[in-house]
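Structure first, then comments.
There are 2 protein chains.
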Amino acid sequence: MSSENPKRAIFEQFAAVARTLGSAPRLELLELLAQIDRSVEELAGLSGLTIANSSQHLQQLRRAGLVEARRDGKRVIYGLADRDIIALLGALRRITERNVGAVETVLKRYFRERDSLEAVSRKELIRRMRAGLVTVIDTRPAEEFAAGHLPGALNLPLRQLKRRLRQLPPEQEIVAYCRGAYCVLSYEAVAELRKRGFKAFRLEDGYPEWRAAGLPVERSATA
Amino acid sequence: MSSENPKRAIFEQFAAVARTLGSAPRLELLELLAQIDRSVEELAGLSGLTIANSSQHLQQLRRAGLVEARRDGKRVIYGLADRDIIALLGALRRITERNVGAVETVLKRYFRERDSLEAVSRKELIRRMRAGLVTVIDTRPAEEFAAGHLPGALNLPLRQLKRRLRQLPPEQEIVAYCRGAYCVLSYEAVAELRKRGFKAFRLEDGYPEWRAAGLPVERSATA
DNA sequence: CAAACATTCAATTAGTTTCTTGAATGAGAA
DNA sequence: TTCTCATTCAAGAAACTAATTGAATGTTTG
């Protein structure tokens, strides 16, 4: 680690960033932040970490230049430092998927029915949206929905799904999305809808990727 | 790390891959492999690691699905498992550069003259190549050059540079490239050429990125 | 100013990772 | 078979990282 070798010193910089990504809790925090900026307390709650622990992970992410913090009254709000970080996470996901069969295995084990894994690509979804063939539902909490969502999407958080089945067209195809490829909400929604006889699919990735691709989004009050 | 939480289990898979990237020696090995497949001994020599240590790092890279090994007689030859890994390393580099000023600082400190850092993009290089405005030199060792290089490039490894200055057109602009953005060879070549009065620039990135972008390459005997 | 609150800091403990050394494989050559 | 050589394995010491706890900081509110 001595800086006598400049090449090694540069690799050490890259390694430090990669090392920061090399922790499940920190990746989870990044995924939460890919959605919307949030306070420490919120992040701790959503990730299941203690507040102190979250704070420490967040500071590491900040030291690596991956997130930024700003103060808002009593709270400190964190957010991604750079939209490109979503691309980096995507690349990491792709490589991991391709190379480590275990990821798929874990998914399969959890979601028993292989069927519910069928995913629609963004491109395909856009085509079907244009043709008016599809109802798009956003399974994230109302707060995240309000901050931005796919055009024409219906906000249907998981907890409300059963109560609001009537609002869904029984004939039309339904595509559900959520925070990203491995956000469980949309998987669960699809499984539930299929059980009730709906033609439901999952969007291959989620809202952050949609927005990062420069596709149109809507902002609005909660549905 | 119990797998009771499937979401966490998935993030743990991603984290394991990222953690494998989080080590300067391993990133250096990957950079060497981005060029051409190589034996353990060769990698150890080029990276300055002991053989046993290289072997262990390589096995970690293999476990993470980043490299693959095949046997060739007495030796084991390693290579990148997947061309996309170059993209991942590129994304990591971009984020690190943008967010950690230290990288540039280290570079600056080493290459004193800020001037020699001026880089030409791939796109710009292609334009100038088409117009016949530029001499392209490849500063990598002959072996790597033979395995693939930019069309029309002249192989001029650093050690031969001084001896072969005559072969270079004194008027025309020269663009040097090597193994990637942080390969020191092309920096040194540019510094040397400028000292001698040539109009020399560095290609922003290197051969692996060129090839990964699907641009044409030549294979040939050593120049 | 003092109380309440969100976040951060500091110190400890437990668990990983790194590099080194020397011995063990396993393939090819004699 | 036996020798040689490239690579891998195994074990141990040193350095680093994560999570926990309780105290400290700094902001808003009364």
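Residue numbers (the working numbering), protein chains in the order written: chain S, 1 to 223; chain V, 1001 to 1223. Each residue gets a CB set at the ideal place from its N, CA and C atoms; glycine is no exception.
With 8 angstroms as the threshold, decide whether the Cβ of Leu1225 of chain V is near any Cβ in chain S.
Residue coverage of chain V in this structure runs from 1001 to 1223, which leaves residue 1225 of chain V outside it and unanswerable.
Indicate whether at least one CB of chain S lies closer than 8 angstroms to the CB of Asn1099 of chain V.
yes
Using CA atoms only, rank isn't needed, just tell me which of S:Asn155, S:Met129 and S:Ala131 is closest to Arg140 of chain S.
S:Asn155
Is it true that the CB of Ala176 of chain S sits closer than 8 angstroms to the CB of Gln189 of chain S?
Reading the sequence as shown, one finds Ala at residue 189 of chain S and not Gln. Contact: yes.
Provide the residue span of the beta strand (DSSP E) that contains Thr96 of chain S, from first to last.
No beta strand (DSSP E) contains Thr96 of chain S, which is instead part of the alpha helix (DSSP H) from Asp84 to Asn99.
Please decide whether Glu1204 of chain V counts as near chain S, where near means a Cβ-Cβ distance under 8 angstroms.
no
Against chain S, which members of the stretch 1011-1042 of chain V pass a CB distance test of less than 9 angstroms?
Of all residues in the stretch 1011-1042 of chain V, Phe1011, Glu1012, Gln1013, Phe1014, Ala1015, Ala1016, Val1017, Ala1018, Arg1019, Thr1020, Leu1021, Gly1022, Ser1023, Ala1024, Pro1025, Arg1026, Leu1027, Glu1028 and Glu1031 have a Cβ within less than 9 angstroms of some Cβ in chain S.
Can you pull the DSSP bridge partners for His1057 of chain V?
DSSP, once it has assigned bridges, lists no residue as partnering His1057 of chain V.
Tell me, which residues are paired with Thr1135 of chain V by DSSP?
V:Ile1174
I need the straight-line Cα distance from Met1 of chain S to Asn1053 of chain V, nearest angstrom please.
For Met1 of chain S, the pLDDT reaches just 37, beneath the cut-off of 50, and the residue's location in the model is therefore unreliable, although a value from the coordinates is still provided. Each residue's alpha carbon lies about 15 angstroms from the other.
I'd like to confirm the pairing. Which residues does DSSP put opposite Val1217 of chain V in its beta bridges?
Bridge partners of Val1217 of chain V: none, in fact.
Could you give the uninterrupted runs of the alpha helix (DSSP H) lying entirely in the stretch 141-173 of chain S, keeping only those of 4 residues or more?
142-147 and 158-161
What does Asp72 of chain S pair with, by DSSP beta-bridge criteria?
Paired residues: S:Arg75.
Just curious, the beta strand (DSSP E) that Leu1203 of chain V is in, first and last residue?
Per DSSP, Leu1203 of chain V belongs to the beta strand (DSSP E) from Ala1200 to Leu1203.
Can you tell me which of S:Leu66, S:Pro169, S:Met129 and S:Ile174 puts its alpha carbon nearest to the alpha carbon of Leu89 of chain S?
Leu89 of chain S has its Cα closest to that of S:Leu66, out of S:Leu66, S:Pro169, S:Met129 and S:Ile174.
Between the stretch 1133-1144 of chain V and chain S, which residues of the former have CB atoms less than 9 angstroms from a CB of the latter, in chain order?
Within the stretch 1133-1144 of chain V, no residue qualifies.
Write down the C-beta distance between Leu1092 of chain V and Phe14 of chain S rounded to the nearest angstrom, noting that I regard them as a contact closer than 8 angstroms.
Right, the Cβ-Cβ distance comes to about 6 angstroms (below 8 angstroms), so this counts as a contact.
Please go through the same chain and pick out, in chain order, the residues whose beta-carbon is closer than 6 angstroms to the beta-carbon of Val17 of chain S, but skip the five residues on each side of it.
Excluding residues within five positions, the ones whose Cβ falls inside 6 angstroms are Ala64.
By DSSP, does Leu1049 of chain V sit in helix, in strand, or in coil?
coil
Distance, Cα to Cα, Ala1200 of chain V vs Pro1170 of chain V?
Linking Ala1200 of chain V to Pro1170 of chain V through their CA atoms gives a straight-line distance of about 10 angstroms.
Identify the contact partners of Leu1092 of chain V in chain S, using a Cβ-Cβ distance below 7 angstroms as the criterion.
Phe14, Val17, Ala18 and Leu88
Please list the partners that Thr96 of chain S has in chain V, where partner means a Cβ-to-Cβ separation under 7 angstroms.
Identification of chain V residues near Thr96 of chain S by a Cβ-Cβ cut-off of 7 angstroms yields Gln1013, Phe1014 and Val1017, ordered along the chain.
Where does the unbroken alpha helix (DSSP H) through Arg211 of chain S begin, and where does it stop?
Tyr207 to Ala212
Of all the CB atoms in chain V, is at least one closer than 8 angstroms to the CB of Asp72 of chain S?
no
Smallest Cα separation from Leu158 of chain S: which of S:Gly148, S:Cys183 and S:Gly152?
S:Cys183
Answer yes or no: do Leu30 of chain S and Ile85 of chain S have a C-beta to C-beta separation smaller than 8 angstroms?
yes
Looking at the secondary structure, which residues open and close the alpha helix (DSSP H) in which Ala257 of chain S lies?
As displayed, chain S neither begins before 1 nor continues past 223, which places residue 257 of chain S out of reach and without an answer.
Which partner residues of Leu1080 of chain V appear in the DSSP bridge assignment?
V:Val1067
Nearest to Phe198 of chain S by CA position, among S:Glu218, S:Leu165, S:Ala142 and S:Ser186, is which residue?
S:Leu165
I need the DSSP call for Arg1179 of chain V, collapsed to helix, strand or coil.
coil
Can you tell me the Cα-Cα spacing of Arg127 of chain S and Tyr187 of chain S, whole angstroms?
22 angstroms
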